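What follows is a set of notes on a single structure, which appears directly below.
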Amino acid sequence: MNRTLSTLVVILLTFLFAGSAIGVDETERIKIYFSPNGNCEKAIIEEIGRAKSCIHIAMFNFTNGRIARELVKVYKQGIDIKVIADMESSLDDYSKGRFLENKGISIKYRKGPNRNNPGDETGLMHNKFAVIDGKVVITGSYNWTTSAEKWNYENLLIIPSARVAELFEREFNRLWIKK
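The opening position of the sequence shown corresponds to residue 4 in this note's numbering, with each subsequent residue numbered one higher.
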């Protein structure tokens, strides 16, 4: 289990079992969606549209044109957007990485560690999360793809928590500055 997934599991278990330690009201505000056709795409677009200052995204596979266009829209309104994408998935003809780059959005392409040789980064950058304004996390198995919306069984969580966002932001920054 990779570090990010382990962190997510710990966070979710904490939400479930530590009620008074983090406040039950915070867990009650978590929004959970499932696909296919469970409005995941709509929920992501709505959260992007609510951004006030910044959106940081680490996404394995990103081919969804509607989400990409919403990012460009808020970017043109002054929202700082940074995207980390998987190197190999970004070579796909449908990938929105180049589209976003051409619109001025900062993108870095990453590979993940090789399971047989951790120093050799030939694996996948398999994260699927976004942090909005350091306050809201969008995460789950849901890649930002048309397939995830229409055909795949996926899950999406929207977690309105600055504490959770801080952990995801830390991981985003670690990947962003990596050489």
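Just so it is clear, CB atoms sit at the ideal spot from N, CA and C, and this is done for glycine as well.
In this text, all values refer to a predicted model and were calculated from it rather than measured experimentally.
Leaving out the 5 sequence neighbours to the left and right, which residues in its chain are closer than 7 Å to phenylalanine 102 when beta-carbon positions are compared?
-> On the sequence shown, position 99 is the one that residue 102 refers to. Contacts found: Ala71.
Consult DSSP for alanine 133 and reduce its assignment to one of helix, strand or coil.
-> Locating residue 133 in the sequence shown gives position 130, counting from the first residue. Of the three classes helix, strand and coil, the one that applies to alanine 133 here is strand, per DSSP.
Run the CB neighbour count on alanine 165, radius 10 Å, all protein chains shown included, and call it buried at 16 or more, exposed below.
-> Stepping through the sequence shown from its first residue, residue 165 is reached at position 162. With fewer than 16 other Cβ atoms within 10 Å, it is exposed.
Can lysine 85 and histidine 59 be called in contact, C-beta distance under 7 Å?
-> Position 82 of the sequence shown, counted from the first residue, corresponds to residue 85. Position 56 of the sequence shown, counted from the first residue, corresponds to residue 59. Closer than 7 Å, so yes.
What beta strand (DSSP E) runs, 3 residues minimum, are completely inside the stretch 134-169?
-> 139-143, 157-163
Span separating the alpha-carbon of phenylalanine 175 from that of isoleucine 87 = To locate residue 175, count along the sequence shown from 1; it is residue 172. To locate residue 87, count along the sequence shown from 1; it is residue 84. For phenylalanine 175 and isoleucine 87, the distance between alpha carbons rounds to 8 Å.
In three-state DSSP terms, what is tyrosine 78?
-> Numbered from its first residue, the sequence shown carries residue 78 at position 75. It is helical.
May I ask which residues mark the beginning and end of the alpha helix (DSSP H) holding phenylalanine 102?
-> Here residue 102 refers to the residue found at position 99 of the sequence shown. Its alpha helix (DSSP H) spans residues 100-105.
Euclidean distance between Cα positions of leucine 170 and lysine 138 | Within the sequence shown, residue 170 is the residue found at index 167, counting from 1. Within the sequence shown, residue 138 is the residue found at index 135, counting from 1. Rounded to the nearest angstrom, the two C-alpha atoms are 11 Å apart.
Going along the chain, which residues of its own chain have a beta-carbon closer than 8 Å to the beta-carbon of glycine 100, five neighbours each way excluded?
-> If you number the sequence shown from 1, residue 100 lands on position 97. The residues are Phe65, Val86, Ala88, Ser93, Ile110, Tyr112.
Cβ contact (3+ pairs, closer than 8 Å) linking the stretch 156-163 and the stretch 72-83 | no
Through-space distance from arginine 53 to glutamate 73, alpha-carbon basis | Residue mapping note: residue 73 aligns to position 70 of the sequence shown, counting from 1. Residue mapping note: residue 53 aligns to position 50 of the sequence shown, counting from 1. Distance between the alpha carbons of glutamate 73 and arginine 53 is about 11 Å.
Have a look at glutamate 91 and serine 98 and give me their C-alpha separation to the nearest angstrom.
-> On the sequence shown, position 88 is the one that residue 91 refers to. On the sequence shown, position 95 is the one that residue 98 refers to. Going from the Cα of glutamate 91 to the Cα of serine 98 covers about 10 Å.
Distance between beta carbons of lysine 106 and valine 75, contact taken as under 8 Å = Stepping through the sequence shown from its first residue, residue 75 is reached at position 72. Stepping through the sequence shown from its first residue, residue 106 is reached at position 103. Rounded, the Cβ-Cβ distance is 5 Å, consistent with contact.
Boundaries (first-last residue) of the beta strand (DSSP E) holding isoleucine 201 | This structure leaves residue 201 out entirely; the chain is present only between 4 and 182.
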